[in-house]
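Colleague: Okay, here's the structure, questions in a sec.
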Ligand code: MRU
């Protein structure tokens with residue numbers, strides 16, 4: 226299927242091309258990355274964001290390091306220091322470092338990671354679409370679509386496939402303060418694909434759930450612990466609690482690169498805290514009195530007990546099946 230959303234990350238002529246997601250939906254501009262430092266900054270500043278897309282960008286960052294003659298392990302450390310929560314980044318650089326260590330082709334490995342990510346997301350769509358009834362109203366949080374991956378998306382992939390099947394899903398899109406990934410990015414993707422949706426304020430989900438307006442919730446994840454606790458964009462946890470309170474199934478869609486064999490529980494997941502200006506300002510305007518302070522955790526952890534199932538490329542799994550399916554650490558030093 227031809228997708229209408231442009232690629233978030235691609236490789237062209239010895240460089241990585243990133244769609245600058247900070248400018249969407251108003252402007253479609255690309256940034257060319259030719260150094261490891263440039264890639265680490267682009268990830269930190271969220272030119273590219275979303276766990277699988279960050280992973281693919283980091284894999285290409287390793288390829289850039291190799292072609293520039295940089296120290297590969299130093300490049301890995303620099304990329305790992307850019308954003309701490311998305312496991313896919315660490316999975317990607319480990320995989321490329323492992324290939325390099327045995328004399329493999331670093332760029333080929335980065336391309337293979339990108340191709341595997343795309344294939345995984347497509348499978349997630351196929352498995353997940355089965356969970357979406359005809360005409361279902363689906364709530365999602367943040368952006369876990371094509372922009373956050375390589376085509377398809379994670380949480381949006383089942384919705385896309387259900388749409389293609391003619392099931393006519395309707396999507397409630399949390400705006401997702403402070404960076405508005407829902408209203409800026411998810412809505413833009415859904416507009417491009419012609420999928421019916423409405424943006425809601427972050428604090429409106431309970432209202433719609435309590436009135437029977439939402440049939441299921443699907444979110445992505447940034448890192449999933451072996452007991453099924455899952456980190457995702459700040460605000461996900463409260464949506465899961467609300468879903469439980471209202472008897473609504475809550476699903477987490479993610480590829481195997483997001484599962485962390487070295488994290489037994491959610492307490493072992495590092496949570497990024499970003500600058501307070503993201504909370505104090507919105508759309509170029511200051512939203513708070515001069516001198517006011519803010520806190521800005523970028524992610525929260527949803528305990529496994531609130532998650533009905535994980536939608537992965539290996540099928541739909543219960544939280545109790547995570548450890549036996551993904552409990553293997555491949556880190557290379
Ligand atoms: O801070 P972001 O925009 O990188 O956060 C993204 C999310 O939380 C997504 O839901 C998650 O990475 C899954 S993306 C398929």
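Numbering (this note's numbering), first residue to last: 226 to 558. Using N, Cα and C, we set each Cβ at its ideal position, and we do this for glycine too. On a predicted model such as this, the values are computed, not experimentally measured, just so you know.
1) Write down the C-beta distance between residue 233 and residue 248 rounded to the nearest angstrom, noting that I regard them as a contact closer than 8 Å.
2) Residue 313 and residue 483 - do their beta-carbons sit closer together than 7 Å?
3) Taking C-alpha atoms, which residue in 288, 250, 276, 273 lies nearest to residue 237?
4) Do you know whose CA, among 469, 437, 363, lies nearest residue 423's CA?
5) Report the residue ranges of all alpha helix (DSSP H) runs contained in full by the region 337 to 416; include only those spanning at least 4 residues, in chain order.
6) Would you identify the three-state DSSP class for residue 321, choosing helix, strand or coil?
7) Please state whether DSSP places residue 267 in a helix, a strand or coil.
8) Can you tell me whether residue 464 sits near the ligand MRU, meaning its C-beta is under 6 Å from at least one heavy atom of the ligand?
9) I'd like to confirm something about residue 379: is its beta-carbon nearer than 6 Å to some heavy atom of the ligand MRU, or not?
10) For residue 542 and residue 294, I'd like the C-alpha separation in whole angstroms.
11) Apart from the five residues on each side of it in sequence, which residues of its chain come closer than 6 Å, Cβ to Cβ, to residue 537?
12) Taking a contact to mean a Cβ-Cβ separation below 7 Å, would you say residue 535 touches residue 481 in this structure?
13) How many angstroms separate the CA atom of residue 387 from the CA atom of residue 425?
14) Please look up how many angstroms separate the CB atoms of residue 285 and residue 316, rounded, as I've assumed it's under 8 Å.
15) What does the alpha-carbon distance come out to for the pair residue 428 and residue 399?
16) Helix, strand or coil for residue 499, going by three-state DSSP, please let me know.
17) Just list the residues that DSSP pairs residue 241 with in beta bridges.
18) Do residue 375 and residue 456 have their C-beta atoms within less than 7 Å of each other?
19) Is residue 265 near the ligand MRU, with its Cβ less than 6 Å from a heavy atom?
20) So residue 485 and residue 450 are supposed to be a Cβ contact under 8 Å. How far apart are they, rounded?
21) Report, in whole angstroms, the separation of the C-beta atoms of residue 360 and residue 292, which I expect to be a contact under 8 Å.
22) Based on the DSSP output, what are the partners of residue 537 in its beta bridges?
23) As a quick exercise: from 264, 323, 327, 340, pick the residue whose alpha carbon is nearest that of residue 303.
24) Quick test of your reading: residue 268 and residue 320, contact by CB under 8 Å. State the CB separation rounded to the nearest angstrom.
25) By how many angstroms is the C-alpha of residue 502 removed from the C-alpha of residue 493?
26) Need the endpoints of the alpha helix (DSSP H) that residue 476 sits in, please.
27) Using a Cβ-Cβ cut-off of 8 Å (strictly less than) and excluding sequence neighbours within five positions of residue 548, which residues of its own chain qualify?
28) Buried or exposed: where does residue 296 fall if 16 or more other Cβ atoms within 10 Å of its Cβ makes it buried?
Modeller: Let me spell this out:
1) Position 8 of the chain shown, counting from 1, holds the residue named residue 233. Position 23 of the chain shown, counting from 1, holds the residue named residue 248. Going by Cβ atoms, the distance from residue 233 to residue 248 rounds to 13 Å, so no, they are not a contact pair.
2) As a first step, residue 483 is located in the chain shown; it is residue number 258 there, counting from the start. As a first step, residue 313 is located in the chain shown; it is residue number 88 there, counting from the start. Contact: yes.
3) The sequence position of residue 237 within the chain shown is 12, counting from 1. Among 288, 250, 276, 273, the Cα nearest to that of residue 237 is on 288.
4) Taking the first residue of the chain shown as 1, we reach residue 423 at position 198. Closest by alpha carbon: 363.
5) 381 to 389
6) Taking the first residue of the chain shown as 1, we reach residue 321 at position 96. Correct three-state label for residue 321: helix.
7) On the chain shown, position 42 is the one that residue 267 refers to. If DSSP states are grouped into helix, strand and coil, residue 267 belongs with the helices.
8) Position 239 of the chain shown, counting from 1, holds the residue named residue 464. False, no ligand heavy atom lies under 6 Å from that Cβ.
9) Looking up residue 379 in the chain shown gives position 154. Indeed, a heavy atom of the ligand MRU lies less than 6 Å from the Cβ.
10) To locate residue 542, count along the chain shown from 1; it is residue 317. To locate residue 294, count along the chain shown from 1; it is residue 69. Each residue's Cα considered, the two are about 42 Å apart.
11) Taking the chain shown and counting its residues from 1, one reaches residue 537 at position 312. So no residue of the chain qualifies.
12) By 1-based counting over the chain shown, the position of residue 535 is 310. By 1-based counting over the chain shown, the position of residue 481 is 256. No, these two residues do not count as a Cβ contact at 7 Å.
13) Here residue 387 refers to the residue found at position 162 when the chain shown is read from its first residue. Here residue 425 refers to the residue found at position 200 when the chain shown is read from its first residue. Going by the C-alpha atoms only, they are around 22 Å apart.
14) In the chain shown, the residue the question calls residue 285 occupies position 60. In the chain shown, the residue the question calls residue 316 occupies position 91. About 14 Å; that fails the 8 Å criterion.
15) Sequence index remark: in the chain shown, residue 428 carries index 203 (1-based). Sequence index remark: in the chain shown, residue 399 carries index 174 (1-based). Near 8 Å, if we compare the C-alpha coordinates of residue 399 and residue 428.
16) For the purposes of this step, residue 499 is taken as the residue at position 274 of the chain shown. Here residue 499 sits in coil by DSSP.
17) Along the chain shown, one-based indexing puts residue 241 at 16. Note: residue 241 sits in a beta bridge opposite 236, 258.
18) Translated into the one-based positions of the chain shown, residue 375 becomes position 150. Translated into the one-based positions of the chain shown, residue 456 becomes position 231. No, the Cβ-Cβ distance between residue 375 and residue 456 is not below 7 Å.
19) The residue you call residue 265 lines up with position 40 of the chain shown. For the ligand MRU, not one heavy atom lies less than 6 Å from the Cβ of residue 265.
20) As a first step, residue 485 must be located in the chain shown, where it is residue number 260. As a first step, residue 450 must be located in the chain shown, where it is residue number 225. Yes, they are in contact, since the Cβ atoms of residue 485 and residue 450 sit about 6 Å apart, within 8 Å.
21) Here residue 360 is taken as the residue at index 135 of the chain shown, counted from 1. Here residue 292 is taken as the residue at index 67 of the chain shown, counted from 1. Actually they are not in contact, since the Cβ atoms of residue 360 and residue 292 sit about 50 Å apart, beyond 8 Å.
22) As a working mapping, residue 537 is identified with position 312 in the chain shown. Answer is 540, bridged to residue 537.
23) Start at 1 with the first residue of the chain shown, and residue 303 comes out as number 78. When only C-alpha atoms are compared, the closest one is 264.
24) Your numbering for residue 268 matches position 43 in the chain shown. Your numbering for residue 320 matches position 95 in the chain shown. Not a contact, Cβ separation roughly 17 Å.
25) Here residue 493 corresponds to residue number 268 of the chain shown, with the count starting at 1. Here residue 502 corresponds to residue number 277 of the chain shown, with the count starting at 1. Cα to Cα, the separation comes out at about 27 Å.
26) As a working note, residue 476 is residue 251 in the chain shown. Not the alpha helix (DSSP H): residue 476 falls in the beta strand (DSSP E), residues 475 to 478.
27) Along the chain shown, read from residue 1 onward, the residue named residue 548 stands at position 323. Within the same chain, residue 548 has close Cβ partners 451, 452.
28) For the purposes of this step, residue 296 is taken as residue 71 along the chain shown, with counting starting at 1. Exposed, by the Cβ-count rule.
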